[in-house]
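Residue 21 in full-length UniProt numbering sits at position 21 of the sequence shown, with consecutive numbering throughout. Let me begin by presenting the structure, written as structure tokens, before commenting on it.
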Amino acid sequence: MTTAVSATSRPPRPRLSTTGPRRGAAAAVAYLVLALVAIAFLLPFGWLFLASVSDQASLKADIPHQLTLRNFADVLTGDNLHALANSLVLSLGAAVLTLVLAAPAAYPLSRYSRRFGRPILLGLLFATGLPITAILVPVYGLFVQLELLDSIPATTLFLTATGLPMAIWMMKNFMDEVPIALEEAAWVDGASGLRALLRIVLPLMLPGTTVVFTFTFALTWGNFFVPFILLVDPAKQPASVAIYQYFGLHGTASYGLLAAFSILYSLPVVVLYTLVQRVLGNAFAMSGAVKG
Numbered sequence: 001m002t003t004a005v006s007a008t009s010r011p012p013r014p015r016l017s018t019t020g021p022r023r024g025a026a027a028a029v030a031y032l033v034l035a036l037v038a039i040a041f042l043l044p045f046g047w048l049f050l051a052s053v054s055d056q057a058s059l060k061a062d063i064p065h066q067l068t069l070r071n072f073a074d075v076l077t078g079d080n081l082h083a084l085a086n087s088l089v090l091s092l093g094a095a096v097l098t099l100v101l102a103a104p105a106a107y108p109l110s111r112y113s114r115r116f117g118r119p120i121l122l123g124l125l126f127a128t129g130l131p132i133t134a135i136l137v138p139v140y141g142l143f144v145q146l147e148l149l150d151s152i153p154a155t156t157l158f159l160t161a162t163g164l165p166m167a168i169w170m171m172k173n174f175m176d177e178v179p180i181a182l183e184e185a186a187w188v189d190g191a192s193g194l195r196a197l198l199r200i201v202l203p204l205m206l207p208g209t210t211v212v213f214t215f216t217f218a219l220t221w222g223n224f225f226v227p228f229i230l231l232v233d234p235a236k237q238p239a240s241v242a243i244y245q246y247f248g249l250h251g252t253a254s255y256g257l258l259a260a261f262s263i264l265y266s267l268p269v270v271v272l273y274t275l276v277q278r279v280l281g282n283a284f285a286m287s288g289a290v291k292g
């Protein structure tokens, strides 16, 4: 008499070891590559710091015999501080305007299925790939005709327009992650679509809006070509253009002053990224908002 062996009584199959020599070798190679990439990024920052505290800075990353803060004192002038203030005005203005315009523009693309939705998204994607130099010549002619040249508000609007396609694309993707059931519950309670967007969707999109704000701010902060062309008055130019004053003719440069000003120029973006990390670390609390 034969006895059938149940499926539950079969011996378990042996599992492959995940800590074998091949996996260990692959992990070692991966860490080695990451270490090389980290060194390639950290070496320029090392030179930047050493040159900023050296009285005889050069292209060589030599440890100075005597540390000095004279380079920082020399670059902390009224003109440079005014240029940093201009950068803050341009970057903050463009980032805030981009958020204000991108949120309502991304909402119908995320919530409504229309036949024009996909062509609009493809058009936005195409617009993000256009180089800024391809449209700056006609924009310069338009600014001259409208007498908007050398205007900080007009330049801020143009920077906002250049960053909107990518911002709308990003906001739409973040908005897709917000459950529509939360909005439907708000609609049942009498909330309008705009009120649901402001009170329900945007608060739950705090990580996404923070990413879009940081992306737009950093993109505008490091933009050199647009303010260099559209802002002629040196008193209205941002720090990204003012840093050019430390480059001389025939490749010569004041390396100590250039390094010190570069560190001061990088501080606002570094501080913003630090704050964003704290926001993103505590903002993903949407899980459990809707029971499946």
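Built from N, CA and C at the ideal position, the CB exists for glycine as well. None of these values were measured; they are calculated from a predicted model.
What do you reckon, are the CB atoms on residue i and residue j nearer than 7 Å?
i           : j           : result
residue 128 : residue 166 : yes
residue 208 : residue 174 : yes
residue 254 : residue 246 : yes
residue 204 : residue 178 : yes
residue 98  : residue 162 : no
residue 59  : residue 262 : no
residue 158 : residue 149 : no
residue 268 : residue 90  : no
residue 276 : residue 210 : yes
residue 168 : residue 94  : no
residue 125 : residue 172 : no
residue 230 : residue 156 : no
residue 242 : residue 57  : no
residue 260 : residue 72  : yes
residue 64  : residue 54  : yes
residue 200 : residue 183 : yes
Could you round the C-beta distance between residue i and residue j to whole angstroms and report it? I think they count as a contact, below 8 Å.
i           : j           : result
residue 52  : residue 222 : Not confirmed; about 19 Å, so no contact.
residue 103 : residue 202 : 6 Å
residue 86  : residue 152 : 7 Å
DSSP three-state label for residue i, please.
i           : result
residue 283 : Low local confidence applies: a pLDDT of 48 at residue 283 is under 50, so the model's placement there is unreliable, with the coordinate-based value given in what follows. Of the three classes helix, strand and coil, the one that applies to residue 283 here is coil, per DSSP.
residue 61  : coil
residue 76  : coil
residue 209 : helix
residue 33  : helix
residue 191 : coil
residue 67  : coil
residue 89  : helix
residue 201 : helix
residue 52  : helix
residue 112 : coil
residue 277 : helix
residue 18  : Because the pLDDT of residue 18 is 49, which lies under 50, any placement of that residue in the model is unreliable, and the question is left without a value.
Applying the criterion that 16 or more other CB atoms from any shown protein chain within 10 Å of the CB defines a buried residue, is residue i buried or exposed?
i           : result
residue 41  : exposed
residue 147 : exposed
residue 227 : buried
residue 265 : buried
residue 220 : buried
residue 113 : exposed
residue 232 : exposed
Counting only beta-carbon separations shorter than 7 Å, does residue i have a partner in chain C?
i          : result
residue 42 : No chain C appears in the structure shown, which is made up of a single protein chain.
Could you give the uninterrupted runs of the alpha helix (DSSP H) lying entirely in the region 117 to 187, keeping only those of 4 residues or more?
117 to 128, 132 to 145 and 152 to 176
In chain order, what are the residue ranges of uninterrupted alpha helix (DSSP H) at least 4 long that sit wholly in the region 221 to 272?
The region 221 to 272 contains these whole alpha helix (DSSP H) runs: 225 to 230 and 239 to 242.
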